[in-house]
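The structure appears below as structure tokens.
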Amino acid sequence: MNRGDDMYIVLLAIGIGYLAYLTVALLKPEKF
Numbered sequence: 001m002n003r004g005d006d007m008y009i010v011l012l013a014i015g016i017g018y019l020a021y022l023t024v025a026l027l028k029p030e031k032f
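Per full-length UniProt numbering: the sequence shown = residues 1 to 32.
This is the structure we're talking about:
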């Protein structure tokens, strides 16, 4: 594992979290 791999994992985690947030926002718009 080098810094490149760590950065990729961090960006991937952020991307997945962002997609999950958008999904919740679309499914439950009344909470936003």
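Just so you know, even glycine gets a beta-carbon here, dropped at the ideal spot from N, CA and C.
Cut-off 7 Å between Cβ atoms - residues of its own chain near residue i, not counting five sequence neighbours on either side
| i | result |
| --- | --- |
| Gly15 | none |
Distance between residue j and residue i (C-alpha atoms, nearest Å)
| i | j | result |
| --- | --- | --- |
| Tyr2 | Tyr8 | Tyr is not the amino acid found at residue 2; the sequence shown has Asn there. Distance between the alpha carbons of Asn2 and Tyr8 is about 10 Å. |
| Gly4 | Thr23 | 29 Å |
| Pro29 | Gly17 | 17 Å |
| Val10 | Tyr21 | 16 Å |
| Ala25 | Leu12 | 20 Å |
| Leu27 | Asp6 | 32 Å |
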